[in-house]
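A.B. asks: Taking my numbering, I'd label the letters of the sequence shown as residues 4 to 346.
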Amino acid sequence: MKDLRNHIKKCIKKQGVIKASELVARFKISRQAMHRYIKEMLSEGLLIKQGSSRATAHYLYNSPLAIKKYRSKNVSFRKRCLLKGLEEDSVFQKMEEQSGLFSSLAVKAKASLRYAFTEMLNNAIDHSGSKFADIVVNVNKRTASFDIRDNGVGMFANIMSKNELNNEMEAVQDILKGKNTTMPERHSGEGIFFTSKVAELFVMESHRKKVTINNRNNDVYVEDRRMLKGTSVHFEISVDSKTEVTNIFKAFTNESFTFDKSRINVRLFDSGEAYMSRSQAKRLLHSLENFKKVVLDFNGIDTIGQAFADEVFRVFKKLHPDIVIEPVNCGENVQFMIGHVNS
Numbered sequence: 004m005k006d007l008r009n010h011i012k013k014c015i016k017k018q019g020v021i022k023a024s025e026l027v028a029r030f031k032i033s034r035q036a037m038h039r040y041i042k043e044m045l046s047e048g049l050l051i052k053q054g055s056s057r058a059t060a061h062y063l064y065n066s067p068l069a070i071k072k073y074r075s076k077n078v079s080f081r082k083r084c085l086l087k088g089l090e091e092d093s094v095f096q097k098m099e100e101q102s103g104l105f106s107s108l109a110v111k112a113k114a115s116l117r118y119a120f121t122e123m124l125n126n127a128i129d130h131s132g133s134k135f136a137d138i139v140v141n142v143n144k145r146t147a148s149f150d151i152r153d154n155g156v157g158m159f160a161n162i163m164s165k166n167e168l169n170n171e172m173e174a175v176q177d178i179l180k181g182k183n184t185t186m187p188e189r190h191s192g193e194g195i196f197f198t199s200k201v202a203e204l205f206v207m208e209s210h211r212k213k214v215t216i217n218n219r220n221n222d223v224y225v226e227d228r229r230m231l232k233g234t235s236v237h238f239e240i241s242v243d244s245k246t247e248v249t250n251i252f253k254a255f256t257n258e259s260f261t262f263d264k265s266r267i268n269v270r271l272f273d274s275g276e277a278y279m280s281r282s283q284a285k286r287l288l289h290s291l292e293n294f295k296k297v298v299l300d301f302n303g304i305d306t307i308g309q310a311f312a313d314e315v316f317r318v319f320k321k322l323h324p325d326i327v328i329e330p331v332n333c334g335e336n337v338q339f340m341i342g343h344v345n346s
């Protein structure tokens, strides 16, 4: 038995990557017996499993040379998870142990992927109300990505309902503000915000809205889509990414570890109405009193109303003198109105 195991190990080492069915045919033993040998070698760290089902699984010898050869191939993992009682970190750990999916990732890239994956799966567990979540992870020569899809209440609809907002566009605004959660006893509300900063590409889709945050070209935009039940998130990062999660935290927190800065792109939330009224301003400013600095991006906004500008740049600042409001990318009309209410 020991000799057979050694022959199997040598065969896999020589070939690099092999399917269990090929080993069964070569050594003329039962499939059950072969899987016992493979299971032993997986638990000892001698092999890495690639592929999420028995039909597609193949086994990679766990050595730097074999892994390097395999890096050029696309590797994927798919799983439907029952959310009740699920622990997000254990899902990531099992993927890593059972498939070697992340063996080609740089240390920092893997840490970023782990952070984002566990944050987004935790969101589905705690907030979605869905029974299941479908998980897809893809790794190729250049990028690592994951998609998590649930059939629950919907990310934007949940925020809209719990925070008594008027529409899902306002919920998008609240999510991108960062420190906002429907379960304050369990979350600080910063997970989605930090995940969006760690990502090179981050996409949130729910109901009729799609939010894309592309940090490769420093762009964020919102678009309408066909009705999607529940929520789908997509996260993508380079396999050799040098982004450090701790540096992202430091960039957006102060020395006492309180979240104190956010960037809000007002142009993204155009629901067909001009920014004119005081009530619109109040909805925009919802929960911003929790922050030290607010950056309002007016790119693409032609004009704003006097009441809107007065509420944001005079009334709110008077009520919260310690909060810095910085308008950026202002056109001539917007700049005039801001100057007018401050004169």
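All C-beta atoms, glycine included, are put in the ideal place defined by N, C-alpha and C.
Under 8 Å by Cβ, that's how I've got VAL78 and VAL142 pegged, so tell me the actual separation to the nearest angstrom.
C.D. replies: By one-based count along the sequence shown, residue 78 stands at place 75. By one-based count along the sequence shown, residue 142 stands at place 139. Indeed they touch by this definition, with Cβ atoms about 5 Å apart.
A.B. asks: Please specify which runs of the beta strand (DSSP E), each continuous and at least 3 residues long, are wholly inside the region 173-254, giving them in chain order.
C.D. replies: 204-217, 222-241
A.B. asks: Which word fits ARG152, buried or exposed, when buried means at least 16 other C-beta atoms lie within 10 angstroms of its C-beta?
C.D. replies: Against the sequence shown, residue 152 aligns to sequence position 149. The C-beta of ARG152 has 16 or more other C-beta atoms within 10 Å across all chains shown, which makes the residue buried.
A.B. asks: Are any of the Cβ atoms in chain D nearer than 8 Å to that of ILE128?
C.D. replies: Of the protein chains in this structure there is only one, and it is not chain D.
A.B. asks: Three-state secondary structure (DSSP) at GLU329?
C.D. replies: The residue given as residue 329 occupies position 326 in the sequence shown. Strand.
A.B. asks: Under 8 Å by Cβ, that's how I've got ASP243 and ALA112 pegged, so tell me the actual separation to the nearest angstrom.
C.D. replies: For the purposes of this step, residue 243 is taken as residue 240 along the sequence shown, with counting starting at 1. For the purposes of this step, residue 112 is taken as residue 109 along the sequence shown, with counting starting at 1. ASP243 to ALA112, Cβ: 6 Å. Contact.
A.B. asks: Assuming VAL214 and ASP150 form a contact by the criterion Cβ under 8 Å, report the distance between their Cβ atoms to the nearest whole angstrom.
C.D. replies: In the sequence shown, the residue the question calls residue 214 occupies position 211. In the sequence shown, the residue the question calls residue 150 occupies position 147. Actually they do not touch by this definition, with Cβ atoms about 15 Å apart.
A.B. asks: Express the C-alpha separation of ARG8 and ALA174 in angstroms, rounding to a whole number.
C.D. replies: In the sequence shown, the residue the question calls residue 174 occupies position 171. In the sequence shown, the residue the question calls residue 8 occupies position 5. Approximately 58 Å between the Cα atoms of the pair.
A.B. asks: Going by the DSSP bridge assignment, what does ALA312 pair with across the sheet?
C.D. replies: Residue numbering aside, residue 312 sits at position 309 when the sequence shown is read from its first letter. According to DSSP, ALA312 bridges with nothing at all.
A.B. asks: Please name the residue, chosen from LEU86, LEU85, LEU116, that lies closest to GLN96 on a Cα-to-Cα basis.
C.D. replies: The count along the sequence shown starts at 1 and reaches residue 96 at position 93. The candidate whose alpha carbon is nearest that of GLN96 is LEU116.
A.B. asks: Rank LEU108, GLY19, ILE251, MET163 by C-alpha distance to the C-alpha of VAL201 and give the top, closest one.
C.D. replies: The sequence position of residue 201 within the sequence shown is 198, counting from 1. Of the candidates LEU108, GLY19, ILE251, MET163, the one whose C-alpha sits nearest the C-alpha of VAL201 is ILE251.
A.B. asks: Does DSSP put ASN161 in a helix, a strand or coil?
C.D. replies: Indexing the sequence shown from 1 puts residue 161 at position 158. Correct three-state label for ASN161: helix.
A.B. asks: Using the DSSP secondary-structure output, state which residues sit across from CYS84 in a beta bridge.
C.D. replies: Sequence index remark: in the sequence shown, residue 84 carries index 81 (1-based). ALA136, per the DSSP bridge assignment.
A.B. asks: For THR146, does the three-state DSSP call read helix, strand or coil?
C.D. replies: Working through the sequence shown from its first residue, we reach residue 146 at position 143. Three-state DSSP puts THR146 in a strand.
A.B. asks: Starting from ILE304 and walking both ways along the beta strand (DSSP E), at which residues does that stretch end?
C.D. replies: Taking the first residue of the sequence shown as 1, we reach residue 304 at position 301. First-last for ILE304: undefined, no H or E at that position.
A.B. asks: Whole-angstrom Cβ separation of VAL297 and PHE316, contact assumed at under 8 Å?
C.D. replies: For the purposes of this step, residue 297 is taken as residue 294 along the sequence shown, with counting starting at 1. For the purposes of this step, residue 316 is taken as residue 313 along the sequence shown, with counting starting at 1. Cβ-Cβ separation between VAL297 and PHE316: approximately 11 Å, too far for a contact (criterion under 8 Å).
A.B. asks: Who are the near neighbours of MET44 in its chain, counting only those whose CB is closer than 7 Å to its CB and skipping five residues on each side?
C.D. replies: As a first step, residue 44 must be located in the sequence shown, where it is residue number 41. Same-chain partners within the cutoff: LYS12, LEU50.
A.B. asks: Which word fits ALA36, buried or exposed, when buried means at least 16 other C-beta atoms lie within 10 angstroms of its C-beta?
C.D. replies: For the purposes of this step, residue 36 is identified with residue 33 of the sequence shown, where counting begins at 1. ALA36 is exposed by the Cβ-count criterion.
A.B. asks: Using CA coordinates, which residue listed in GLU292, ASP177, CYS333 is at the minimum distance from ASP300?
C.D. replies: Along the sequence shown, read from residue 1 onward, the residue named residue 300 stands at position 297. It is CYS333 whose Cα lies nearest to the Cα of ASP300.
A.B. asks: Who are the Cβ neighbours of ASN336 in its own chain at under 7 Å, not counting the five residues just before and after it?
C.D. replies: Start at 1 with the first residue of the sequence shown, and residue 336 comes out as number 333. Taken in chain order, the residues that qualify are ASP305, THR306.
A.B. asks: Whose C-beta lies closer than 6 Å to the C-beta of ALA312 among residues of the same chain, with five residues either side of it excluded?
C.D. replies: As a first step, residue 312 is located in the sequence shown; it is residue number 309 there, counting from the start. Closer than 6 Å at the Cβ level, and outside the excluded window around ALA312, lie MET340, ILE341, VAL344.
A.B. asks: If I measure Cβ to Cβ from PHE105 and keep anything under 6 Å in the same chain, skipping five residues before and after, which residues do I get?
C.D. replies: Counted from its first residue, the sequence shown places residue 105 at position 102. Excluding positions up to five away in sequence, the list reads GLU99, LYS113.
A.B. asks: Since VAL20 is in the beta strand (DSSP E), which residue starts that stretch and which ends it?
C.D. replies: Counting from one through the sequence shown, the residue named residue 20 turns up at place 17. First-last of the beta strand (DSSP E) with VAL20: 20-22.
A.B. asks: Name the residue from GLU226, SER209, SER199 whose alpha carbon lies nearest to the alpha carbon of ASN217.
C.D. replies: Within the sequence shown, numbered from 1, the residue matching residue 217 stands at position 214. Ranking the options by Cα distance to ASN217, first place goes to SER199.
A.B. asks: Would you kindly report the start and end of the unbroken alpha helix (DSSP H) that includes ALA114?
C.D. replies: Within the sequence shown, the letter at position 111 stands for residue 114. 110-130 is the span of the alpha helix (DSSP H), which, as asked, contains ALA114.
A.B. asks: Do you know whose CA, among GLY155, LEU86, PHE135, THR146, lies nearest SER107's CA?
C.D. replies: Counting from one through the sequence shown, the residue named residue 107 turns up at place 104. Looking at the Cα atoms, THR146 is the closest of the given residues.
A.B. asks: Looking at the unbroken alpha helix (DSSP H) that takes in ILE341, where does it start and where does it end?
C.D. replies: The sequence position of residue 341 within the sequence shown is 338, counting from 1. First-last of the alpha helix (DSSP H) with ILE341: 335-345.
A.B. asks: Given this structure, state the Cα-to-Cα distance separating HIS323 from SER282, to the nearest angstrom.
C.D. replies: Taking the first residue of the sequence shown as 1, we reach residue 323 at position 320. Taking the first residue of the sequence shown as 1, we reach residue 282 at position 279. Their Cα atoms are separated by approximately 18 Å.
A.B. asks: Looking only at its own chain, which residues have a Cβ that is under 6 Å from the Cβ of ALA284, when we skip the five neighbours before and after it?
C.D. replies: Here residue 284 corresponds to residue number 281 of the sequence shown, with the count starting at 1. If we look at ALA284 and ignore the five residues flanking it on each side, its Cβ neighbours are PHE311, GLU314, VAL315.
A.B. asks: Beta-carbon within less than 7 Å of ARG39's beta-carbon, same chain only, minus the 5 sequence neighbours each way: which residues are those?
C.D. replies: Residue numbering aside, residue 39 sits at position 36 when the sequence shown is read from its first letter. Nothing meets the Cβ criterion.
A.B. asks: Of all the options MET279, GLY303, VAL327, which has the alpha carbon lying nearest to the alpha carbon of LEU291?
C.D. replies: Numbered from 1 along the sequence shown, position 288 holds the residue referred to as residue 291. Ranking MET279, GLY303, VAL327 by Cα distance to LEU291 puts VAL327 first.
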